[in-house]
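Position in the sequence shown (from 1) plus 1 gives the number in the numbering used here.
Just so you know, even glycine gets a beta-carbon here, dropped at the ideal spot from N, CA and C.
The next block holds one structure in the form of C-alpha coordinates; read it before the comments.
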Amino acid sequence: MTDILSVLPLHLVVFACLVTLLGGFVKGAVGFAMPLIMISGMGILIDPQLVVAGIILPILVSNGWQIARSGLGPARLAVAEHWRYLLIVCVMILISAQFLTVISADTMFVILGVPVVALCIVQLLGWKPVIGPRWRRPFEWGAGLAAGTLGGLAGTWGPPTVLYLLALETPRDRQMAVQGVIYGLGSVMLFLGHLQSGVLNGHTWQLSALLVVPAMLGMVVGFRLGDRFDQALFRKVTLIVLIVAGVNLVRRGLTG
(Lines of atoms letter the chains of each structure in order from A and count residues from 1; the text may use other names and numbers.)
(Lines give C-alpha, C1' and ligand atoms only; values in the text may rest on other atoms or scores of the structure.)
Protein backbone atom coordinates (compact mmCIF):
# COMPACT_ATOMS: atom_id res chain seq x y z
CA MET A 1 0.00 0.00 0.00
CA THR A 2 2.94 2.32 0.70
CA ASP A 3 4.12 1.99 -2.90
CA ILE A 4 0.62 2.80 -4.16
CA LEU A 5 0.54 5.92 -2.02
CA SER A 6 3.78 7.04 -3.65
CA VAL A 7 1.84 7.15 -6.91
CA LEU A 8 -1.46 8.56 -5.61
CA PRO A 9 -2.50 10.05 -2.26
CA LEU A 10 -4.95 7.98 -0.21
CA HIS A 11 -8.04 10.04 -1.03
CA LEU A 12 -7.43 9.59 -4.77
CA VAL A 13 -6.84 5.85 -4.32
CA VAL A 14 -10.23 5.63 -2.58
CA PHE A 15 -11.77 7.75 -5.35
CA ALA A 16 -10.31 5.45 -8.03
CA CYS A 17 -11.66 2.38 -6.22
CA LEU A 18 -15.16 3.87 -5.99
CA VAL A 19 -15.18 4.78 -9.70
CA THR A 20 -13.98 1.27 -10.57
CA LEU A 21 -16.64 -0.29 -8.33
CA LEU A 22 -19.28 1.68 -10.24
CA GLY A 23 -17.75 0.65 -13.58
CA GLY A 24 -17.76 -3.01 -12.59
CA PHE A 25 -21.35 -2.78 -11.43
CA VAL A 26 -22.50 -1.26 -14.73
CA LYS A 27 -20.55 -3.89 -16.72
CA GLY A 28 -22.16 -6.66 -14.70
CA ALA A 29 -25.64 -5.14 -14.96
CA VAL A 30 -25.75 -4.17 -18.64
CA GLY A 31 -22.58 -5.70 -20.11
CA PHE A 32 -20.59 -2.62 -21.15
CA ALA A 33 -18.94 0.68 -20.21
CA MET A 34 -16.47 -0.28 -17.47
CA PRO A 35 -13.41 1.20 -19.27
CA LEU A 36 -15.39 4.29 -20.30
CA ILE A 37 -16.59 4.87 -16.74
CA MET A 38 -13.09 4.38 -15.32
CA ILE A 39 -11.52 6.70 -17.90
CA SER A 40 -14.07 9.50 -17.68
CA GLY A 41 -14.53 9.18 -13.91
CA MET A 42 -10.93 8.88 -12.74
CA GLY A 43 -9.81 11.42 -15.32
CA ILE A 44 -11.68 14.11 -13.40
CA LEU A 45 -9.00 14.14 -10.67
CA ILE A 46 -6.17 11.82 -11.76
CA ASP A 47 -3.36 12.23 -14.31
CA PRO A 48 -4.42 10.59 -17.60
CA GLN A 49 -1.37 8.32 -17.85
CA LEU A 50 -2.16 6.96 -14.39
CA VAL A 51 -5.76 6.47 -15.45
CA VAL A 52 -4.70 4.34 -18.42
CA ALA A 53 -2.28 2.39 -16.22
CA GLY A 54 -5.00 1.83 -13.65
CA ILE A 55 -7.53 0.32 -16.04
CA ILE A 56 -5.18 -2.25 -17.62
CA LEU A 57 -5.42 -5.15 -15.15
CA PRO A 58 -9.15 -4.71 -14.37
CA ILE A 59 -9.83 -4.85 -18.12
CA LEU A 60 -7.61 -7.91 -18.54
CA VAL A 61 -9.23 -9.85 -15.67
CA SER A 62 -12.83 -8.87 -16.47
CA ASN A 63 -12.46 -9.79 -20.13
CA GLY A 64 -10.90 -13.13 -19.20
CA TRP A 65 -13.93 -13.74 -17.00
CA GLN A 66 -16.25 -12.85 -19.91
CA ILE A 67 -14.53 -15.36 -22.21
CA ALA A 68 -14.75 -18.07 -19.55
CA ARG A 69 -18.49 -17.42 -19.11
CA SER A 70 -19.09 -17.60 -22.87
CA GLY A 71 -17.11 -20.84 -23.36
CA LEU A 72 -14.22 -21.72 -25.65
CA GLY A 73 -16.35 -23.12 -28.48
CA PRO A 74 -17.94 -19.78 -29.42
CA ALA A 75 -14.54 -18.13 -28.93
CA ARG A 76 -12.92 -20.35 -31.58
CA LEU A 77 -15.72 -19.59 -34.05
CA ALA A 78 -15.33 -15.87 -33.38
CA VAL A 79 -11.60 -16.00 -34.13
CA ALA A 80 -12.18 -17.92 -37.35
CA GLU A 81 -14.72 -15.37 -38.62
CA HIS A 82 -13.17 -12.12 -37.44
CA TRP A 83 -9.45 -12.84 -37.53
CA ARG A 84 -8.64 -9.86 -39.76
CA TYR A 85 -10.32 -7.42 -37.39
CA LEU A 86 -8.66 -9.08 -34.39
CA LEU A 87 -5.25 -8.91 -36.05
CA ILE A 88 -5.32 -5.21 -36.86
CA VAL A 89 -6.83 -4.28 -33.46
CA CYS A 90 -4.10 -6.18 -31.61
CA VAL A 91 -1.27 -4.79 -33.75
CA MET A 92 -2.53 -1.21 -33.47
CA ILE A 93 -2.96 -1.45 -29.69
CA LEU A 94 0.68 -2.49 -29.40
CA ILE A 95 1.84 0.31 -31.71
CA SER A 96 -0.29 3.19 -30.44
CA ALA A 97 0.42 2.35 -26.79
CA GLN A 98 4.04 3.41 -27.35
CA PHE A 99 2.97 7.00 -28.06
CA LEU A 100 1.15 7.52 -24.76
CA THR A 101 4.25 8.61 -22.85
CA VAL A 102 5.12 11.39 -25.29
CA ILE A 103 1.68 13.02 -25.32
CA SER A 104 1.04 15.99 -23.01
CA ALA A 105 -1.53 15.71 -20.22
CA ASP A 106 -3.83 18.30 -21.86
CA THR A 107 -3.74 16.42 -25.16
CA MET A 108 -4.47 13.17 -23.32
CA PHE A 109 -7.57 14.68 -21.71
CA VAL A 110 -8.87 15.52 -25.19
CA ILE A 111 -7.90 12.08 -26.54
CA LEU A 112 -9.76 10.44 -23.65
CA GLY A 113 -12.76 12.76 -23.69
CA VAL A 114 -13.61 13.11 -27.39
CA PRO A 115 -14.05 9.36 -28.06
CA VAL A 116 -16.12 8.95 -24.88
CA VAL A 117 -18.50 11.73 -25.97
CA ALA A 118 -18.68 10.71 -29.63
CA LEU A 119 -19.12 6.99 -29.05
CA CYS A 120 -21.71 7.48 -26.32
CA ILE A 121 -23.73 9.86 -28.50
CA VAL A 122 -23.66 7.32 -31.34
CA GLN A 123 -24.90 4.58 -29.01
CA LEU A 124 -27.52 6.85 -27.45
CA LEU A 125 -28.92 7.73 -30.88
CA GLY A 126 -28.91 4.07 -31.89
CA TRP A 127 -27.08 4.78 -35.17
CA LYS A 128 -25.29 1.98 -36.93
CA PRO A 129 -23.37 1.89 -40.22
CA VAL A 130 -24.63 -0.32 -43.02
CA ILE A 131 -21.89 -2.17 -44.93
CA GLY A 132 -22.50 -4.20 -48.07
CA PRO A 133 -20.63 -7.48 -48.75
CA ARG A 134 -18.18 -5.90 -51.22
CA TRP A 135 -17.03 -3.39 -48.59
CA ARG A 136 -16.73 -5.84 -45.71
CA ARG A 137 -12.99 -6.43 -45.96
CA PRO A 138 -11.97 -2.74 -46.26
CA PHE A 139 -14.38 -1.95 -43.43
CA GLU A 140 -12.80 -4.65 -41.22
CA TRP A 141 -9.34 -3.17 -41.70
CA GLY A 142 -10.51 0.42 -41.28
CA ALA A 143 -12.60 -0.27 -38.18
CA GLY A 144 -9.79 -2.37 -36.69
CA LEU A 145 -7.29 0.43 -37.32
CA ALA A 146 -9.50 3.00 -35.56
CA ALA A 147 -10.41 0.71 -32.66
CA GLY A 148 -6.84 -0.44 -32.07
CA THR A 149 -5.42 3.08 -32.15
CA LEU A 150 -8.03 4.25 -29.67
CA GLY A 151 -7.41 1.17 -27.55
CA GLY A 152 -3.68 1.74 -27.22
CA LEU A 153 -4.04 5.43 -26.37
CA ALA A 154 -7.22 5.47 -24.28
CA GLY A 155 -7.64 1.85 -23.21
CA THR A 156 -11.06 1.36 -24.78
CA TRP A 157 -11.94 -0.28 -28.07
CA GLY A 158 -15.34 -1.63 -27.05
CA PRO A 159 -17.72 0.93 -28.62
CA PRO A 160 -16.02 0.81 -32.07
CA THR A 161 -16.21 -2.98 -31.86
CA VAL A 162 -19.94 -2.84 -31.12
CA LEU A 163 -20.47 -0.60 -34.17
CA TYR A 164 -18.36 -2.98 -36.27
CA LEU A 165 -20.49 -5.97 -35.27
CA LEU A 166 -23.73 -4.06 -35.82
CA ALA A 167 -22.59 -2.99 -39.28
CA LEU A 168 -21.97 -6.65 -40.18
CA GLU A 169 -25.42 -7.52 -38.79
CA THR A 170 -23.93 -10.04 -36.37
CA PRO A 171 -26.77 -11.90 -34.59
CA ARG A 172 -27.28 -10.63 -31.06
CA ASP A 173 -26.72 -14.04 -29.48
CA ARG A 174 -23.27 -14.23 -31.12
CA GLN A 175 -22.21 -10.69 -30.35
CA MET A 176 -21.32 -11.42 -26.72
CA ALA A 177 -19.02 -14.31 -27.65
CA VAL A 178 -17.31 -12.27 -30.39
CA GLN A 179 -16.94 -9.25 -28.12
CA GLY A 180 -15.47 -11.44 -25.41
CA VAL A 181 -12.72 -12.66 -27.72
CA ILE A 182 -11.96 -9.21 -29.14
CA TYR A 183 -11.91 -7.61 -25.71
CA GLY A 184 -9.91 -10.48 -24.22
CA LEU A 185 -7.15 -10.55 -26.84
CA GLY A 186 -7.11 -6.77 -27.00
CA SER A 187 -6.64 -6.51 -23.23
CA VAL A 188 -3.65 -8.86 -23.44
CA MET A 189 -2.15 -6.59 -26.12
CA LEU A 190 -2.88 -3.52 -23.98
CA PHE A 191 -1.06 -5.17 -21.07
CA LEU A 192 1.95 -6.06 -23.23
CA GLY A 193 1.96 -2.71 -25.02
CA HIS A 194 2.10 -0.71 -21.81
CA LEU A 195 4.68 -2.97 -20.27
CA GLN A 196 6.81 -1.92 -23.22
CA SER A 197 5.79 1.75 -23.09
CA GLY A 198 6.55 1.97 -19.38
CA VAL A 199 3.05 3.18 -18.45
CA LEU A 200 2.57 -0.08 -16.52
CA ASN A 201 5.67 -0.21 -14.35
CA GLY A 202 6.96 -1.14 -10.91
CA HIS A 203 4.84 1.57 -9.29
CA THR A 204 1.67 1.75 -11.35
CA TRP A 205 1.01 -1.99 -11.63
CA GLN A 206 0.15 -2.10 -7.92
CA LEU A 207 -2.56 0.51 -8.38
CA SER A 208 -3.91 -1.40 -11.36
CA ALA A 209 -3.85 -4.66 -9.38
CA LEU A 210 -5.68 -3.02 -6.48
CA LEU A 211 -8.43 -1.82 -8.83
CA VAL A 212 -9.12 -5.41 -9.91
CA VAL A 213 -10.81 -5.97 -6.52
CA PRO A 214 -13.54 -3.27 -6.78
CA ALA A 215 -14.00 -4.10 -10.47
CA MET A 216 -14.78 -7.75 -9.68
CA LEU A 217 -16.96 -6.87 -6.68
CA GLY A 218 -18.92 -4.44 -8.82
CA MET A 219 -19.43 -7.04 -11.54
CA VAL A 220 -20.69 -9.63 -9.06
CA VAL A 221 -23.26 -7.18 -7.68
CA GLY A 222 -24.19 -6.11 -11.21
CA PHE A 223 -24.76 -9.73 -12.29
CA ARG A 224 -27.09 -10.28 -9.34
CA LEU A 225 -29.05 -7.04 -9.54
CA GLY A 226 -29.02 -6.35 -13.29
CA ASP A 227 -32.30 -8.15 -13.96
CA ARG A 228 -34.10 -5.86 -11.52
CA PHE A 229 -33.43 -2.76 -13.62
CA ASP A 230 -35.11 -1.40 -16.70
CA GLN A 231 -32.13 -2.26 -18.92
CA ALA A 232 -32.90 0.25 -21.66
CA LEU A 233 -33.40 3.15 -19.22
CA PHE A 234 -30.33 2.24 -17.16
CA ARG A 235 -28.23 2.10 -20.32
CA LYS A 236 -29.45 5.54 -21.47
CA VAL A 237 -28.76 7.13 -18.10
CA THR A 238 -25.27 5.61 -18.07
CA LEU A 239 -24.51 6.99 -21.54
CA ILE A 240 -25.76 10.47 -20.61
CA VAL A 241 -23.57 10.55 -17.50
CA LEU A 242 -20.59 9.41 -19.57
CA ILE A 243 -21.20 12.18 -22.10
CA VAL A 244 -21.17 14.80 -19.32
CA ALA A 245 -17.96 13.34 -17.88
CA GLY A 246 -16.36 13.17 -21.33
CA VAL A 247 -17.22 16.81 -22.04
CA ASN A 248 -15.53 17.74 -18.76
CA LEU A 249 -12.35 15.89 -19.83
CA VAL A 250 -12.32 17.77 -23.13
CA ARG A 251 -12.84 21.06 -21.25
CA ARG A 252 -9.84 20.30 -19.04
CA GLY A 253 -7.72 19.51 -22.06
CA LEU A 254 -8.67 22.67 -23.94
CA THR A 255 -8.45 25.08 -21.00
CA GLY A 256 -5.34 23.55 -19.42
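Three or more beta-carbon pairs drawn from the segment 49-64 and the segment 201-217 are found closer than 8 Å, and the two stretches are therefore classed as touching. Closest option to residue 176, judged by alpha-carbon separation, among 160, 191 and 189: 160.
Each residue's CA atom was taken as its position, placing residue 255 and residue 111 some 7 Å apart.
Apart from the 5 residues on each side of it in sequence, residue 207 sits with its Cβ closer than 7 Å to the Cβ of 4 and 5 in its chain, given in chain order.
With respect to residue 79, residue 178 sits close: the two C-beta atoms are nearer than 8 Å.
Judged by beta-carbon spacing, residue 90 lies beyond the 8 Å limit of residue 250, meaning their Cβ atoms are not closer than that value. In the structure shown, residue 207 adopts helical secondary structure according to DSSP, grouped into three states.
Distances from the alpha-carbon of residue 85 to those of 137, 103 and 229 put 137 closest.
In the same chain as residue 130, and ignoring 5 residues on each side of it, the C-beta atoms closer than 6 Å to its own belong to 168, in chain order. 8 Å or more divides the Cβ of residue 24 from the Cβ of residue 47.
DSSP places residue 202 outside both helix and strand once states are collapsed to three, so it counts as coil. When DSSP states are grouped into helix, strand and coil, residue 241 belongs to the helix group. For residue 34, there is no enclosing alpha helix (DSSP H), as DSSP marks it with neither H nor E.
Taking the CA atoms as reference points, residue 52 sits about 19 Å from residue 120.
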